[in-house]
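Peer 1:
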């Protein structure tokens, strides 16, 4: 079973105060980039993997999605997601993406934000999602970028000329990474970008777009602290489709 | 016109002594990975973009390619490539990839090793290659990895815990990078991995494989200095195909 850090009370308290949890999608600077990668939502059956508080699930219904199934491992998150909607076309379920099975061909869009890097068996998950999508269905997801995750101690440093830099080491050594983020020893799984994309291709997806989030000039003007995201890629955004047979 | 550093005498002298120039393909540790990405070569019409001394061009003919057109900007390289073969099915030509035009549908495989990062207008080049390929044709190329190229001064450093690391900065700032490598101010063009893949997708290619070269255990045992290539990706290897219409 995946580590369920989100039900750790200290973690949950800190996490819940993040701008993206307080303000929802508009608190996530990568949201405009994700939005531009999403297919039209009208009439779509959507599964939201790692739905958290359900911000995206609710937004997709507002955009006309026929139904949204939100999945999360965290009882805390699902409890609040359920409390925040009375929409009968949104269903929330507690489940572990390591073992989740979905019905075949039941969805038109699988969406996931910042969740898959907690999953150890990415290949299994991607194969399961591929089966769960109808022909011409789409998969759009974001993860922490492997350049952000790779190092044994990821943090800003100055290089020997004083240039603010992000150190990369152990990039090709895939597997567990533990970081302290609201709690000690949060467990993530590092995979190279090649491994991530090749798993998708091997499971039958066609890659449509690969974005390494960088803030726009306007975003940096509004939130100067975002400028450092120009230095190293923190987030990887991928869209892919399941071709009709 | 692209910078033609290869005809700088100092550069050429140093470059010609690299193991991969002295020993050819077996001097390039990424060669087994490239080879596994290549389609069967029998009967194929191949264009080798940035062919250098022609090591790969000759190898492809040995594997049964019907013809190979080798292209390089460097007179020095092409002169030696021509001197090293009497095969009438290998043709070498001096040309600049910034402006090269190839006949439409004339090739089954476009191959390029460590050349495209010298090209400013990657999108134009990829569109031209797409047109030059027959339906079901393949494109296989390697470039310096954007993580390797991004920093203003790319070099090994120790992080503040003494861990050997590769600093990344300016990753999202695309464009010129100048490094000193056998000569001062060698000019390369940094593009994010997303930009590279999206240009290919936008020009009509399907991405088949994305590899970030890492040495195998056997390679590290044989050449211990390769171990550092596990720390950060130095080379990006991509294969793609032009789908039949």
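Chains as they are written, first to last, in the working numbering: chain A, 18 to 262; chain B, 18 to 262.
Virtual Cβ for every residue (Gly too), placed ideally from N, Cα, C.
1) Which runs of the beta strand (DSSP E) fall wholly inside the segment 50-94 of chain A and span at least 3 residues, in chain order?
2) What residues from chain E crowd round residue 177 of chain B, counting only those whose CB sits closer than 7 Å?
3) Kindly provide the ranges of any beta strand (DSSP E) runs that are 3 or more residues long and lie completely inside the segment 104-155 of chain B, ordered along the chain.
4) When the Cα atoms are used, what is the spatial distance from residue 138 of chain A to residue 247 of chain B?
5) Cβ closer than 8 Å: which chain B residues qualify as neighbours of residue 170 of chain A?
6) Using 8 Å as the Cβ pair cut-off and three pairs as the minimum, do the segment 69-77 of chain B and the segment 90-102 of chain B touch?
7) Report buried or exposed for residue 155 of chain B, applying the criterion of at least 16 other Cβ atoms within 10 angstroms of its Cβ.
8) Apart from the five residues on each side of it in sequence, which residues of its chain come closer than 6 Å, Cβ to Cβ, to residue 227 of chain B?
9) Verify the CB distance criterion: does residue 62 of chain B have a CB-CB separation below 7 Å to chain A?
10) Just reading off the beta strand (DSSP E) that residue 254 of chain A is part of, what are its end residues?
11) Measuring CA to CA, which of B:48, B:44 and B:43 is closest to residue 230 of chain B?
12) Check whether the segment 161-180 of chain A touches the segment 105-119 of chain A, counting contact only when three or more Cβ pairs, one atom from each stretch, lie closer than 8 Å.
13) When you compare each of A:20, A:213 and A:105 to residue 160 of chain A by their alpha carbons, which one comes out closest?
14) How is residue 189 of chain B classed by DSSP in three states: helix, strand or coil?
15) Please look up how many angstroms separate the CB atoms of residue 124 of chain B and residue 63 of chain B, rounded, as I've assumed it's under 8 Å.
16) So, are the CB atoms of residue 19 of chain B and residue 113 of chain B less than 7 Å apart?
17) Would you identify the three-state DSSP class for residue 33 of chain A, choosing helix, strand or coil?
18) Can you list, in chain order, the residues of the segment 203-222 of chain A whose Cβ is nearer than 7 Å to any Cβ on chain B?
19) State the Cα-Cα distance for the pair residue 82 of chain B and residue 105 of chain B, rounded to the nearest angstrom.
20) Does the distance from the C-beta atom of residue 91 of chain B to that of residue 23 of chain B stay below 7 Å?
21) Can you tell me the Cα-Cα spacing of residue 94 of chain B and residue 35 of chain B, whole angstroms?
Peer 2: Taking the structure as given:
1) With a minimum length of 3 residues, the unbroken runs of beta strand (DSSP E) contained wholly in the segment 50-94 of chain A fall at 62-66 and 84-89.
2) No chain E appears in this structure, whose protein chains are A and B.
3) 107-111 and 124-130
4) For the purposes of this step, residue 138 of chain A is taken as residue 121 along the first chain, with counting starting at 1. For the purposes of this step, residue 247 of chain B is taken as residue 230 along the second chain, with counting starting at 1. Spanning the two alpha carbons is a distance of roughly 22 Å.
5) Position 153 of the first chain, counted from the first residue, corresponds to residue 170 of chain A. Counting only Cβ-Cβ distances below 8 Å, residue 170 of chain A has contacts in chain B at 176, 178 and 180, in chain order.
6) yes
7) Your numbering for residue 155 of chain B matches position 138 in the second chain. By the 10 Å Cβ count, residue 155 of chain B comes out buried.
8) The residue given as residue 227 of chain B occupies position 210 in the second chain. Correct list, in chain order: 255.
9) Mapped onto the second chain, residue 62 of chain B falls at position 45. Answer no: the Cβ-Cβ gap between residue 62 of chain B and chain A never drops below 7 Å.
10) Counted from its first residue, the first chain places residue 254 of chain A at position 237. First-last of the beta strand (DSSP E) with residue 254 of chain A: 252-258.
11) Here residue 230 of chain B refers to the residue found at position 213 when the second chain is read from its first residue. Of the candidates B:48, B:44 and B:43, the one whose C-alpha sits nearest the C-alpha of residue 230 of chain B is B:48.
12) no
13) Walking along the first chain from the start, residue 160 of chain A turns up at place 143. Checking every option, the nearest Cα to that of residue 160 of chain A belongs to A:213.
14) Walking along the second chain from the start, residue 189 of chain B turns up at place 172. Annotated three-state conformation of residue 189 of chain B is coil, per DSSP.
15) Residue 124 of chain B sits at position 107 when you count from the first residue of the second chain. Residue 63 of chain B sits at position 46 when you count from the first residue of the second chain. That pair is a contact at about 7 Å.
16) Here residue 19 of chain B refers to the residue found at position 2 of the second chain. Here residue 113 of chain B refers to the residue found at position 96 of the second chain. Yes; because the gap between Cβ atoms is below 7 Å, this pair is in contact.
17) Residue mapping note: residue 33 of chain A aligns to position 16 of the first chain, counting from 1. The answer is helix: DSSP assigns residue 33 of chain A an H, G or I state.
18) 209, 210, 211, 214, 215 and 218
19) Position 65 of the second chain, counting from 1, holds the residue named residue 82 of chain B. Position 88 of the second chain, counting from 1, holds the residue named residue 105 of chain B. In this structure, the alpha-carbon of residue 82 of chain B lies about 12 Å from that of residue 105 of chain B.
20) The residue you call residue 91 of chain B lines up with position 74 of the second chain. The residue you call residue 23 of chain B lines up with position 6 of the second chain. Contact: yes.
21) Within the second chain, numbered from 1, the residue matching residue 94 of chain B stands at position 77. Within the second chain, numbered from 1, the residue matching residue 35 of chain B stands at position 18. Rounded to whole angstroms, residue 94 of chain B to residue 35 of chain B spans 14 Å at the Cα level.
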